[in-house]
Amino acid sequence: MKPISIFSLLFLFIAVFSKAQMDDKFYQPSKVMKPFEFKTPEQINLSVDKDTVTAFIVKPNTKNIKKTIFYFHGAAGNVTTYQFMTKPLVDAGYQVVMIDFRGYGLSTGKPNHKNVSEDGQKFFDELMKRPDIKSTKVYIYGASLGTQIAAHLAKDNISKISGLILDCPMSSFTDIAAHFTPQYKDFILQSMVSPYAAKEDVKALGKLPVLVIHGGEDQTIPYEQGKLVFDNASGPKVFIKSKGDHLQGLVNNKEEILKAIDKL
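For the sequence shown, this note's numbering begins at 764 and goes up steadily by one.
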């Protein structure tokens, strides 16, 4: 057997490392659904490829719905894991669409950067046909990993939405991979390109209002990454430095954030 050349080894390393860092390591879905804290959420199923992606629409207990918010959650759990964030929104009068990526909750399949973004667009297109959604102002809310999908979706649908909310955003998949593997930082930054990145997508939002929330003590995604996304946003924007760790804004700064969303 001929020895493998240094170039073949390097190619193999890049291929394996890229797959591990840019897809598999990002998604930690759970199929265990916690009890819903909402009254009769409406379940929507969308067939994509050979899979089924599930979303839930939750309406506030009022006839005067303030806004519709498409909510994209973080890397772990499923939509029921993030009710500590979505329930305050519903209680405040917002209609919330909570989407589970492939493999999360009741959704089938396996998530990757490409399909979670594509599925988000398909769900958005489908649900925007509904009178109870298209008759309202529509906003997109991304939390943690979901900020990448949210910013990308906002960029591609600027004329159809009224604002973007990013809660503890990573600046890009590449940047967060480099942060968690500092021994490979230079290699990652030089060799890997995110399929889409919040820090780039917000540059193309024109005059679309953007609200960025980031915990000053965030131990998961560096505060500096959230600031970079905010600084890159091109239009009207508001930054809220929330108290505490990752995704604790709607726990520790609830009134301030809800007031900002109202004004967005």
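Glycine included, every Cβ here is placed at the ideal spot set by N, Cα and C.
Proximity to residue i [Cα-Cα], best of the options
| i | options | result |
| --- | --- | --- |
| ILE820 | ILE896, SER810, GLY837 and LYS813 | ILE896 |
| ALA996 | GLN1011, LYS966, LYS1006 and ASN878 | LYS966 |
| SER907 | LYS1026, ASN875, PHE799 and GLY978 | GLY978 |
| LYS900 | ALA855, LYS829 and LYS1006 | LYS829 |
| GLN791 | ASN1016, ASN827 and VAL842 | VAL842 |
| PHE799 | LYS788, TYR857 and MET861 | MET861 |
| ILE1020 | HIS1009, GLY866, ILE1003 and LYS873 | ILE1003 |
| PHE801 | LYS822, LEU809, LYS813 and ALA818 | LYS822 |
Three-state secondary structure (DSSP) of residue i
| i | result |
| --- | --- |
| LYS1000 | strand |
| ILE1020 | helix |
| SER935 | coil |
| GLY969 | coil |
| ASP812 | coil |
| ASP1008 | coil |
| GLU832 | Sequence inspection shows Ile at residue 832; the Glu mentioned does not correspond to that position. It is a strand residue. |
| PRO727 | Absent from the structure is residue 727, since the part of the chain shown begins at 764 and ends at 1027. |
Beta strand (DSSP E) segment containing residue i, residue limits
| i | result |
| --- | --- |
| GLU963 | From DSSP, GLU963 is part of no beta strand (DSSP E) but of the alpha helix (DSSP H) over 961-964. |
| GLN858 | 858-862 |
| ASN824 | Note, ASN824: premise wrong, no beta strand (DSSP E); not H, not E. |
| SER903 | Position check: residue 903 holds Ile in this sequence, whereas Ser was assumed. 901-906 is the span of the beta strand (DSSP E), which, as asked, contains ILE903. |
DSSP bridge partner residues for residue i (one or two, in chain order)
| i | result |
| --- | --- |
| GLN791 | ALA839 |
| ALA818 | ILE807 and ILE862 |
| TYR947 | According to DSSP, TYR947 bridges with nothing at all. |
| HIS977 | LYS1004 |
Pairwise C-alpha distance: residue j and residue i
| i | j | result |
| --- | --- | --- |
| THR937 | THR825 | 42 Å |
| ILE807 | THR849 | 17 Å |
| ALA913 | LEU929 | 8 Å |
| ASN1015 | GLY969 | 31 Å |
| ALA855 | MET955 | 41 Å |
| TYR959 | MET796 | 29 Å |
| ASP863 | ILE939 | 22 Å |
Element boundaries [alpha helix (DSSP H), containing residue i]
| i | result |
| --- | --- |
| VAL879 | 876-890 |
| TYR986 | 986-995 |
| ASP930 | Where ASP930 is concerned, there is no enclosing alpha helix (DSSP H), although the beta strand (DSSP E) it sits in stretches over 926-930. |
| ALA917 | 909-919 |
| THR849 | 846-854 |
| LYS897 | 894-897 |
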